[in-house]
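>
Protein chains: 2
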Amino acid sequence: MSFDTSPVLQAWRSRGRRVTAARRAVLEGLCRAGCAADVRTVYRLAKRVHPRLGLVTVYRTLDLLAREGWVQRWEEGGVVRYELDQPHHHHLVCLGCGQVRRWDRCPVPVESGATVGGFLVTGHRLELLGYCPTCREVMR
Amino acid sequence: MSFDTSPVLQAWRSRGRRVTAARRAVLEGLCRAGCAADVRTVYRLAKRVHPRLGLVTVYRTLDLLAREGWVQRWEEGGVVRYELDQPHHHHLVCLGCGQVRRWDRCPVPVESGATVGGFLVTGHRLELLGYCPTCREVMR
DNA sequence: GTTCAGTTGAAAATGAGTTTCGATACATCC
DNA sequence: GGATGTATCGAAACTCATTTTCAACTGAAC
Ligand SMILES: [Mn+2]
Ligand SMILES: [Mn+2]
Ligand SMILES: [Zn+2]
Ligand SMILES: [Zn+2]
């Protein structure tokens, strides 16, 4: 995927965090995983880069990236998914097979920084739920 | 909350399911819990009605209700939430304390039954993320 | 090269949710 | 109202994702 990881590494170094082989590998795995990857997938792909990588470190690094705002974290059907921060977009989720597809429109008119009922809104999450072409076929 | 449980009970009886004290209690707990309650909350409230209620039965009944379409199920920050089916609405979620408030507007123009990129869309999920008045105060 | 705090990974712990199974209690039929 | 058969119940065992612990390791700085 087209994601430049050097700003992340740079930010880490400047804040006194260490740029380790394990963290590089997780970032690389995330890049290769593409849209909305689950932890296992990131682990599997990152392990190709750095075979002695532990699953714990994947959890830790994903959490770090999420806290620092480099990745989005969300859950669907009991599965936690992460993806590198990209131009704002949403997702189509298949209720049949769990597949996720990117949807680039955004119909939500609430700006980040706006206030709704006393809440300071910093973002939003939107998924369209339904059935992918394959699952529609199976259902008929 | 204003939710009439008798259609649920009636539907159960007509399909050969039994209307038990445990199931009534879970429904009652759900009513009392209001907007987007987690399983523990439903359990705690339902137990007041039927003290010997087991947590397992809460899971089972919530799952049953969800499968039959009487409740919505969603997850936020690792917490599974259920709520009785109501007029379509969304939620404001506080990233500080996890509190959930109802938001009645819906800016999503995709009708149920529409097709987006080959997906048959049957619904959607939208949450505004941010900070509640209390958590905003704490942050300053 | 030496130093040392930040980081790692194996193993153990945690905890939400599920499965199992003997006991219980709805619904039905006298 | 009682007897019957089966759906349901709840305690306990289990599963599995995620977190915690801790001794070993290794980037970064000097
Ligand atoms: Mn995506
Ligand atoms: Mn609600
Ligand atoms: Zn599908
Ligand atoms: Zn809050």
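Protein chains in written order, with the numbering used here: chain A, 382 to 521; chain B, 382 to 521. Think of the CB as a built atom: it goes at the ideal place given N, C-alpha and C, for glycine as much as any other residue. These numbers were taken from a predicted model, which means no experiment stands behind them.
#1: Taking 7 Å as the cut-off, is the C-beta of A:C475 nearer than that to any heavy atom in ligand 1?
#2: Find the residues of chain A that neighbour B:V489, judging by a C-beta separation of less than 9 Å, and give them in chain order.
#3: Can you find a CB in chain B that lies within less than 8 Å of the CB of A:L445?
#4: Tell me whether A:A418 is buried or exposed, calling it buried when 16 or more other Cβ atoms sit within 10 Å of its Cβ.
#5: Would you mind reading off the limits of the beta strand (DSSP E) that contains A:C548?
#6: Under 8 Å between C-beta atoms, does A:R517 make it to chain B?
#7: What are the residues that DSSP puts in a beta bridge with B:R418?
#8: Using a Cβ cut-off of 7 Å, pull out every chain A residue sitting near B:L523, in sequence order please.
#9: Strictly below 8 Å CB to CB, what residues from chain B border A:R482?
#10: Run through chain A and tell me which residues come within less than 7 Å of B:L473, C-beta to C-beta.
#11: Could you tell me how far apart the beta carbons of A:C416 and A:R483 are, in whole angstroms, since I believe they sit closer than 8 Å?
#12: Buried or exposed for B:L436, please, with buried defined as at least 16 other CB atoms from any protein chain shown within 10 angstroms of its CB.
#13: Let me check you understand the geometry: is the CB of B:H505 closer than 7 Å to at least one non-hydrogen atom of ligand 2?
#14: Tell me which residue opens and which closes the beta strand (DSSP E) that B:T503 is part of.
#15: Cβ-heavy atom distance between A:R486 and ligand 1 below 7 Å?
#16: Should B:R454 be counted as a contact of ligand 2 given a C-beta to heavy atom distance under 7 Å?
#17: Just mark A:T503 as buried or exposed, buried being the case when its beta carbon has 16 or more other beta carbons within 10 Å.
#18: Spatial neighbours of A:C487 within its chain, please: CB distance less than 8 Å, with the 5 preceding and 5 following residues excluded, ordered by chain position.
Quick look at the numbers:
#1: no
#2: P488, V489, L507, L509
#3: no
#4: buried
#5: Nothing can be reported for residue 548 of chain A, as the shown portion of chain A is limited to 382 through 521.
#6: yes
#7: In the sequence as displayed, the identity of residue 418 of chain B is Ala instead of Arg. Its beta-bridge partners are B:Y463.
#8: Outside the shown range of chain B, which is 382 to 521, sits residue 523 of chain B, and nothing can be said about it.
#9: G498, F500
#10: V497, G498, F500
#11: 5 Å
#12: exposed
#13: no
#14: 500-512
#15: no
#16: no
#17: exposed
#18: H469, H470, H471, L507
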